[in-house]
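Each remark here refers to the structure printed beneath this line.
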Amino acid sequence: AQSVAQPEDQVNVAEGNPLTVKCTYSVSGNPYLFWYVQYPNRGLQFLLKYITGDNLVKGSYGFEAEFNKSQTSFHLKKPSALVSDSALYFCAVRVGTGGSYIPTFGRGTSLIVHP
Amino acid sequence: DSGVTQTPKHLITATGQRVTLRCSPRSGDLSVYWYQQSLDQGLQFLIHYYNGEERAKGNILERFSAQQFPDLHSELNLSSLELGDSALYFCASSPRLAGVVDTQYFGPGTRLTVL
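And the structure:
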């Protein structure tokens, strides 16, 4: 079975500081990893994904994520946080062979950026 | 704008009633996924349709059913509603059947309140 853990329900960061939202996964087979963001009263929006190749993936709005196979992690990062980044962030994993193509989502991490 | 539309945006109804939620996928997408989002359960996969056929089921109650029509729009039917069914219901679309590298595009959701 595949699973995703987002160990922090909430992350607080000051505007201008770097931010990290953590995600770890457990799969049998090669993982395909996704980050989505949900603003209040909106649907989930795609940020970035890791399929293969370079472990550092760049996405929308200045976000990036680093795939670490040995630590089974895919943490979301941004060098300088904005108040407008405050939202709910979801990590998701899909698996090709040996798993389900249906995405498994983490429970979400609320990011709060303070002015 | 993801290109996925959902109606209605809000729905308030009473216990025991039946409602229908509608989703139109992005142009060209053949896969439609339904999810339920609640505070205590997070984002739960309900069901997946591809080109009119049911392809995968998740944590979907027997009181719930769905279908995908020839024009590819999908409907989620919820019957004998209970207070615990109050949640946000999202649909998401993607191009292929089991494209594990495909991004899912989410609609804005329908907020269901059961009184």
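Protein chains in written order, with my numbering: chain F, 10 to 124; chain U, 192 to 306.
Note that CB positions come from ideal geometry on N, CA and C, so glycine has one too.
Because the structure is a prediction, the values reported are computed rather than measured.
Pick from the options: whose alpha carbon is nearest that of residue i?
i	options	result
R116(F)	P27(F), Y34(F), N21(F)	Y34(F)
F83(F)	D94(F), L42(F), G25(F), F72(F)	L42(F)
F297(U)	L28(F), D18(F), R51(F), T29(F)	R51(F)
G62(F)	K31(F), L56(F), F76(F), Q54(F)	F76(F)
G105(F)	P49(F), V122(F), T113(F)	T113(F)
S109(F)	P40(F), E17(F), S93(F), V20(F)	P40(F)
V13(F)	E24(F), G25(F), S37(F), Q54(F)	S37(F)
Q232(U)	S285(U), T304(U), D276(U)	D276(U)
K31(F)	G25(F), L97(F), I111(F), L53(F)	L97(F)
L263(U)	H201(U), K200(U), G219(U)	G219(U)
P286(U)	V223(U), L202(U), T204(U)	V223(U)
V305(U)	P199(U), D192(U), I203(U), S193(U)	I203(U)
Q235(U)	Q295(U), D293(U), W225(U), G243(U)	W225(U)
G243(U)	I251(U), G249(U), S256(U), L221(U)	L221(U)
With a threshold of 9 angstroms between beta-carbons, can residue i be considered close to chain F, or not?
i	result
Q227(U)	no
H239(U)	yes
F260(U)	no
A283(U)	yes
A278(U)	no
T294(U)	yes
A289(U)	yes
For chain U, find out if any of its Cβ atoms is closer than 9 angstroms to the Cβ of residue i; answer yes or no.
i	result
Y45(F)	yes
I121(F)	no
P112(F)	yes
Y98(F)	no
Y41(F)	yes
K58(F)	yes
Residue i versus chain U: which residues are under 8 angstroms apart at the beta carbon?
i	result
G117(F)	G233, L234
Along chain F, which residues have their Cβ under 7 angstroms away from the Cβ of residue i?
i	result
G300(U)	G52
Quick one: which chain F residues come within Cβ less than 9 angstroms of residue i?
i	result
F255(U)	Those within 9 angstroms of F255(U) in chain F number zero; the least Cβ separation is about 17 angstroms.
T211(U)	What T211(U) touches in chain F: nothing, since even the nearest Cβ is about 19 angstroms away.
A247(U)	S109, Y110, I111
S215(U)	Under the 9 angstroms cutoff, chain F gives no residues; its nearest Cβ is about 13 angstroms from S215(U).
My assumption, with CB atoms under 8 angstroms, is that residue i sits in contact with residue j. Please give the rounded CB distance.
i	j	result
V195(U)	L269(U)	No, V195(U) and L269(U) are not in contact; Cβ-Cβ is about 19 angstroms, not under 8 angstroms.
Q228(U)	L274(U)	Q228(U) to L274(U), Cβ: 16 angstroms. No contact.
S271(U)	C282(U)	About 22 angstroms separates the two Cβ atoms, so there is no contact after all.
V22(F)	V102(F)	In fact, because the Cβ distance is near 25 angstroms, the residues do not count as touching under 8 angstroms.
Q19(F)	T118(F)	7 angstroms
Kindly identify the DSSP beta-bridge partner or partners of residue i.
i	result
N21(F)	I121(F)
Y41(F)	R103(F)
T206(U)	The partner list for T206(U) (beta bridge, DSSP) is empty, contrary to what the question assumes.
L279(U)	Q228(U), R302(U)
S35(F)	S12(F)
G233(U)	S229(U)
R213(U)	T198(U), E266(U)
E244(U)	Y241(U)
V92(F)	Answer is none; V92(F) lacks a bridge partner.
Could you name the residues of chain F that residue i contacts, counting a contact when the two beta carbons are closer than 8 angstroms?
i	result
S265(U)	Under the 8 angstroms cutoff, chain F gives no residues; its nearest Cβ is about 15 angstroms from S265(U).
S193(U)	G52, Q54
Listing by chain order, which chain U residues have their CB less than 9 angstroms from the CB of residue i?
i	result
V104(F)	V291
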